[in-house]
Amino acid sequence: MSNDRLNRYGEYAPLVLRLAVGVVFLAHGLGKFGNLGGISQMFGSMGMPAPALMAAVAATIETLGGAALILGIGTRVAAVLLSAVMLVAIVMVKSKIGLIAPMGAPLPGAELDLALLAGCVALILQGSGHLSLDRLVLQRS
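Quick note on our numbering: the sequence shown kicks off at 3 and runs consecutively.
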């Protein structure tokens, strides 16, 4: 396929990235809300300060941030907050496990967290793209 044919569709790249990253964060955030006690207990066992508060904050940022990415509203702000959550997860939790978890590890490795962080950084740099509520709001003002 020629570059000219592919370049025609380049404007859809932020939409695809927002949807993929947003759906993953939304699902993980809702999952955390469904098990806040367990998440809080896990955070506490890892030495995280104020584990109940941190579990609620992570669940809220992942849920609302994921929804914001899907809709393309406040994309850069959501991506910054989600990046912070991923950095904390990588440093506090996944650094002890590694990039790919060994067989029998209690948690998965950092590969998904790293990919989500990269997606968020790309959205911070690129913005939400043409097919977004951000664009509609900017056009009206």
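Cβ coordinates follow ideal geometry from the N, Cα and C atoms, glycine included.
Between which two residues does the alpha helix (DSSP H) harbouring residue i extend?
i	result
K34	15-35
V90	77-90
A47	Note on identity: in this sequence residue 47 is Ser, with Ala being the wrong assignment. Unbroken alpha helix (DSSP H) run through S47: 38-47.
M50	Run containing M50: none; DSSP gives neither H nor E here.
V123	113-128
L138	135-142
R10	Segment: none, R10 is in no alpha helix (DSSP H) and carries neither H nor E.
Quick test of your reading: residue i and residue j, contact by CB under 8 Å. State the CB separation rounded to the nearest angstrom.
i	j	result
P16	G131	3 Å
I1	V87	A question about residue 1 goes unanswered here, because the residues of the chain that appear run from 3 up to 143.
S97	L119	Not confirmed; about 13 Å, so no contact.
L38	A58	6 Å
Taking C-beta to C-beta, are residue i and residue j nearer than 8 Å?
i	j	result
G129	T65	no
A112	I92	yes
L135	I75	yes
A117	P110	no
A124	L8	no
A61	F45	no
Kindly indicate which residue of the options has the alpha-carbon position closest to the one of residue i.
i	options	result
L28	M48, A58, G67, D6	G67
M48	R137, L114, L138, M94	M94
Y11	Q141, L133, R142, M105	L133
H30	L114, A107, Y14, N5	L114
Any contact of the stretch 39-54 with the stretch 66-82, i.e. 3+ C-beta pairs under 8 Å? no
Quiz item: Between the stretch 20-28 and the stretch 59-74, are three or more C-beta pairs nearer than 8 Å?
Solution: yes
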